Amino acid sequence: MLELVHDIQRFLGFANFYQWFIAHFTCIAKPLTSLVKLTEQFKKFELPEEAQQAFHKLMQVFTTARVLRHFNYHLPTRLETDASDFAIAGVLKQEHKGHWHPIAFYSQKMSSAEKNYEIHDKELLAVVACLTQWQHMLAGLLSQLVILMGHEALKYFKLQRCIMGWQARWAVLLADFDFVLQYQPGDKGGEPDTLT
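Heads up: take any position in the sequence shown, counting from 1, add 76, and you land on this note's numbering.
What follows is the structure in structure tokens.
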């Protein structure tokens, strides 16, 4: 059991190694990561209930994780992304025999500056972060990448003429990919919504 901040750090070090294989890792681990900020690493304390639940949930996920498939450049590929008030997330999937299978998961806490973005910029940040994370797979796709996202206004991002500075930098990065943005209503968001 976790009794010291040092124990939490060690457990999170182990868990972080596998975070790309765990859906909604950032949200699950948040109660534990917030405890790491305590300064006295070797002082015993009682783990709060929320942190205990996070620990048990992560242990459960480690023993029941979904099977991921290997990436195949020849299969149709889609990226599902979402953003919340404090995190961004994405799921890379490929279609195999009529079913969409997860290839990889991504989730990350937003910086304090990113938390101030408008919701459409948070959604675009999720897309940019996922494309950056999986650039080695997605830049050379043989078919067009479909990006499903939870904000309809971003469907028109490629057509905008007046954009902010960070959006211009993102546009340069996005130019390396052949993709189409599609709106996926929030109630159909599935895994990325759960990830954030």
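Virtual Cβ for every residue (Gly too), placed ideally from N, Cα, C.
Quick caveat, the model's predicted, so the values are computed rather than measured.
Could you tell me which residues DSSP puts in a beta bridge with residue i?
{"i": "ALA255", "result": "Before going further, note that residue 255 is Phe rather than Ala in the sequence given. Bridge partners of PHE255: LEU221."}
{"i": "ALA163", "result": "LYS185"}
{"i": "GLU228", "result": "None, per the DSSP bridge assignment."}
{"i": "GLU156", "result": "VAL167, LEU224"}
{"i": "PRO261", "result": "For PRO261, which the question treats as bridged, DSSP gives no partner whatsoever."}
{"i": "TRP176", "result": "GLU171"}
If the criterion is Cβ atoms closer than 8 Å, does the pair residue i and residue j meet it?
{"i": "ALA127", "j": "ILE104", "result": "no"}
{"i": "LEU250", "j": "LEU207", "result": "yes"}
{"i": "ASP254", "j": "LEU221", "result": "yes"}
{"i": "VAL112", "j": "GLN95", "result": "no"}
{"i": "ALA215", "j": "ASP252", "result": "yes"}
{"i": "PRO152", "j": "GLU171", "result": "yes"}
{"i": "LEU257", "j": "TYR149", "result": "no"}
{"i": "PHE147", "j": "MET213", "result": "yes"}
{"i": "LYS120", "j": "LEU155", "result": "no"}
With a cut-off of 8 Å on the beta carbons, I'd call residue i and residue j a contact; round off their distance for me.
{"i": "HIS227", "j": "ILE195", "result": "6 Å"}
{"i": "ILE98", "j": "PHE162", "result": "Their Cβ separation, rounded to whole angstroms, is 18 Å, which puts ILE98 and PHE162 out of contact at 8 Å."}
{"i": "LEU33", "j": "PHE87", "result": "Any question about residue 33 goes unanswered here, given that the chain covers just 77 to 272."}
{"i": "HIS100", "j": "SER183", "result": "6 Å"}
Under 8 Å, with one C-beta from each stretch per pair, do the stretch 200-209 and the stretch 156-170 reach the 3-pair mark?
yes
Pair every Cβ in the stretch 89-107 with every Cβ in the stretch 133-141, then say whether three or more of these pairs are closer than 8 Å.
yes
I'd like the ranges of any alpha helix (DSSP H) spanning at least 4 consecutive residues and lying wholly in the stretch 97-133.
101-111
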